[in-house]
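Q: Protein chains in written order, with the working numbering: chain G, 121 to 483; chain R, 3 to 282; chain X, 413 to 686. Think of the CB as a built atom: it goes at the ideal place given N, C-alpha and C, for glycine as much as any other residue.
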């Protein structure tokens, strides 16, 4: 009976594996909406989720069931699920957590870009005296550790002559960070577009944003699959990629700008905050799935910096990690080979895609 | 089993017996020790072998030398020490506050039945709530700074100290109290000469539980909201998937726990040596 | 063991006291209620007259109304059930393993010597120090939470069962020898009944520890239906009424557990000594 305990542990682990003849496609998203709502925002993954494009892709296959899990603990929590064998796809996983996971031996494949040039915002309480990044030295700042916020923040700090050791960072998820900022428990917070609405309402003010800064300071995220699932079901993998490319097609089209913002507002943020986040920026700038030289160089750069900041101990091989054959196949199938632009390692446009000519509905 | 020495005379026999006995005892002790080391030793060897064979996925358990390296690294750059000191300081402050308040409060209600009747239901109700359950509310009131930790840790120490102090004060044998009355002791003298010394064992039990509680609560609170301390190291290791950091912090936690345990046992034996003079 | 004191203690004001004065029946009933009642009145007055910040001290009827609303529409009932479910599953696994291993260790000197040091070290590690490791190994979902809760229940039940078997008086064993009891008879007729009170103490403590671990797991691991999740929500949205309601439920479950365990222990005592 001593084995009861071990049996329980094994049972728990096994319960994560797919059961019976049904094939589960378990998709994980590193984040939740406001109040931990199970909705995403800011990328085409959210569009794919709300429009049920993945489920639609498998309508004709009765034995396949698609499940979505939203992780309040963002990238790190999603990594834990991946490690425990509880997920097949990581949709929208940030660059740092995916790099960290790979450096620790998580077997994944990077299929497509799920977001790039995501802005980082530095918010402080309205009555704060802090005005610049340099002023943060020695203060208490909230930041969700282990997410792509961390490495983006580290780069911003480096650009302003600071290191992590100069700041007293508290790791809080986005809801907790907002609450802490509002109640004065922390003096500043690094985060994403969730702060725009608060700024508009006058609850916080944003003193810095990467939007107007060096384009390589933006955050990236990707669509990943476990090698186990890819090897067991390459056909399903291809179809999932296709579904998300469809989502990206919809989300990159300027004509759908308002519709996309409205889909994102299901996460609890108002449409205005997305308008502010994407001000003077085309949707396709961030929502393209293409893995071009820019994306590859971004990830290689992030790996080097992660190692330099002590966030990972070993090097991570990027070339062997990226697997774009499914993406290329989906582009051919959907006749979208020329839809998106491609960029070189410095972010300069190499080829121009049709999406550059789409226009928002005239208001 | 005497090692072949023959007894020349009966005078030597007892020496040989003692030697034989000691040797047997040492062997038995060594045997017991090695028996106890089999399982941990076996696990350690299995760990090393699995890591050497490359069979151990890093996300389950990093190789032991990586953990050792991390530990020595963090000792060298002082982070392990500074975080441990921070955690210990918090425990000391929280426990100190909670235990002191508990002693005063426990003595007060131990002495007065009226106070007990008044306080008991509230105290009973409040102590049923798991200490961590108070965390969100206290955070709203005092934020996530040191105050939070002191209050929550202090509360976790307060409860057992109050309970045991009250018990100890109440259980003073009636004969002692009568003796005090006969000798016309003042209230204060009764308290200091009779009640408190008699209550010491119970008070000590309460303090021991209080510090055990404090340590447990500290770890939990540091996991939730902190930017330094052993719990913070573990949380950080978790966020960045660095198991060796988590493990090294856990080892530190275990060692501190062992230290506290040992110190308390030491103090307790000292107290017991003194105690028999008081009772009977 | 820290929580055993809370779990098994008598009310502060039972039996022996230093004051010999008898109480009138009125006083006996009114006194326990005095402080809680006056606190409630004070609270209500402060909230009513706007002296206290309503964010920090909502009026009593607001808390009650929130409670009713949450149970009817807000799903607080199902949150409570989800937490209890996790708690009990984890408890059954953990306590079961603890009792089983405790029995084995208690009966076998060999196993005691083999596992003793390992278990001693295990006990020194604070319970919550396991959370990061468990979430890295089992994920932060249901599996991870249940494993953590099981671990919390495992420790006290193991120790108490072990001690219970250990403390069976020598003469019981000698009696078994005299009566030429087989091994199985010894275990079932003498050893286990003899160790039962201590085993029950361990189970009682395990129940309380498991409930604490449930709250902690929900606050520290992934969001899922449960009281911990609601408390997080209440904290982030500054909803004191929701928080107070949750605290009330937390304490309520603790009280129920204590009462149930205490009653079972008393029944056991009565059965042993009719």
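(1) What's the gap between the Cα of residue 192 (chain G) and the Cα of residue 293 (chain G)?
(2) With a threshold of 6 Å on Cβ separation, who are the neighbours of residue 128 (chain R) within its own chain once the five nearest residues in sequence on each side are excluded?
(3) From the DSSP output, which residues share a beta bridge with residue 339 (chain G)?
(4) DSSP puts residue 469 (chain G) in a beta bridge; with which residues?
(5) Could you compute how far the alpha carbon of residue 587 (chain X) sits from the alpha carbon of residue 603 (chain X)?
(6) Determine the direct distance from the alpha carbon of residue 590 (chain X) to that of residue 42 (chain R), and round the result to whole angstroms.
(7) Taking 7 Å as the CB-CB limit, is residue 291 (chain G) close to chain X?
(8) In the DSSP output, what is residue 210 (chain G) paired with across the bridge?
(9) For residue 430 (chain G), which of helix, strand or coil comes out of DSSP?
(10) Just the C-alpha distance for residue 208 (chain G) and residue 525 (chain X), rounded to the nearest angstrom, thanks.
(11) Once DSSP output is grouped into helix, strand and coil, what is the label at residue 354 (chain G)?
(12) Tell me the rounded alpha-carbon separation between residue 435 (chain G) and residue 419 (chain G).
(13) Please state whether the Cβ-Cβ distance between residue 212 (chain R) and residue 224 (chain R) is less than 7 Å.
(14) Assuming the contact rule is C-beta atoms closer than 8 Å, residue 640 (chain X) and residue 630 (chain X) should be a hit. Round their C-beta distance to whole Å, please.
(15) Taking the alpha-carbon positions, what's the residue 148 (chain R) to residue 183 (chain R) distance?
(16) Alpha carbon to alpha carbon, how far is residue 502 (chain X) from residue 512 (chain X)? Give it in angstroms, no decimals.
(17) In chain order, what residues of the same chain have a beta carbon less than 8 Å from the beta carbon of residue 197 (chain G), not counting five sequence neighbours either side?
(18) Just confirm the distance between the C-beta atoms of residue 326 (chain G) and residue 319 (chain G), as a whole number of angstroms; I'd bet it's less than 8 Å.
(19) Just checking: is the beta-carbon of residue 59 (chain R) within a distance shorter than 7 Å of some beta-carbon in chain G?
(20) Residue 241 (chain R) versus chain G: which residues are under 7 Å apart at the beta carbon?
(21) Anyone know if the C-beta pair for residue 150 (chain R) and residue 140 (chain R) falls short of 7 Å?
(22) Is any heavy atom in the ligand NAD found nearer than 6 Å to the beta carbon of residue 647 (chain X)?
(23) Using a C-beta to C-beta distance shorter than 7 Å, which residues of chain G count as neighbours of residue 547 (chain X)?
(24) Does the separation of the CB atoms of residue 230 (chain R) and residue 85 (chain R) fall below 7 Å?
(25) Tell me the residue span of the beta strand (DSSP E) that contains residue 311 (chain G).
(26) Mind the definition here: the stretch 160 to 178 of chain R touches the stretch 245 to 265 of chain R only if three or more C-beta pairs lie below 8 Å; say whether that holds.
(27) Can you find the residues in the same chain that come closer than 8 Å, C-beta to C-beta, to residue 268 (chain G), ignoring five residues on each side of it along the sequence?
(28) Out of X:681, X:469, X:490, X:609, state which residue places its alpha-carbon closest to the alpha-carbon of residue 650 (chain X).
(29) Counting beta carbon pairs with one atom in the stretch 483 to 495 of chain X and one in the stretch 548 to 555 of chain X, are three or more of them shorter than 8 Å?
(30) According to a CB-to-CB cut-off of less than 9 Å, which residues of the stretch 568 to 590 of chain X neighbour chain R?
(31) What span of residues does the beta strand (DSSP E) with residue 624 (chain X) cover, start to end?
(32) Cα-Cα, which of G:161, G:158, G:154, G:167 is closest to residue 363 (chain G)?
(33) Return the CA-CA distance between residue 625 (chain X) and residue 65 (chain R), expressed in angstroms with no decimal places.
(34) Can you pull the chain X residues whose beta carbon is under 7 Å from the beta carbon of residue 259 (chain R), in chain order?
(35) Based on Cα-Cα distance, which residue from X:600, X:637, X:556, X:563 lies nearest to residue 490 (chain X)?
(36) Identify the contact partners of residue 623 (chain X) in chain R, using a Cβ-Cβ distance below 9 Å as the criterion.
A: Taking the geometry as given:
(1) 7 Å
(2) none
(3) G:238
(4) G:463
(5) 11 Å
(6) 39 Å
(7) no
(8) G:148, G:344
(9) coil
(10) 44 Å
(11) helix
(12) 12 Å
(13) no
(14) 2 Å
(15) 47 Å
(16) 15 Å
(17) 150, 191
(18) 5 Å
(19) yes
(20) 196, 265, 266, 291
(21) yes
(22) This structure lacks the ligand NAD, and indeed carries no ligand of any kind.
(23) 200
(24) yes
(25) 308 to 311
(26) no
(27) 195, 214, 215, 216, 217, 238, 339, 340, 341
(28) X:469
(29) no
(30) none
(31) Looking at the DSSP string, residue 624 (chain X) is not in any beta strand (DSSP E); the run it does join, the alpha helix (DSSP H), is 604 to 632.
(32) G:167
(33) 30 Å
(34) 536, 537, 538
(35) X:637
(36) 132
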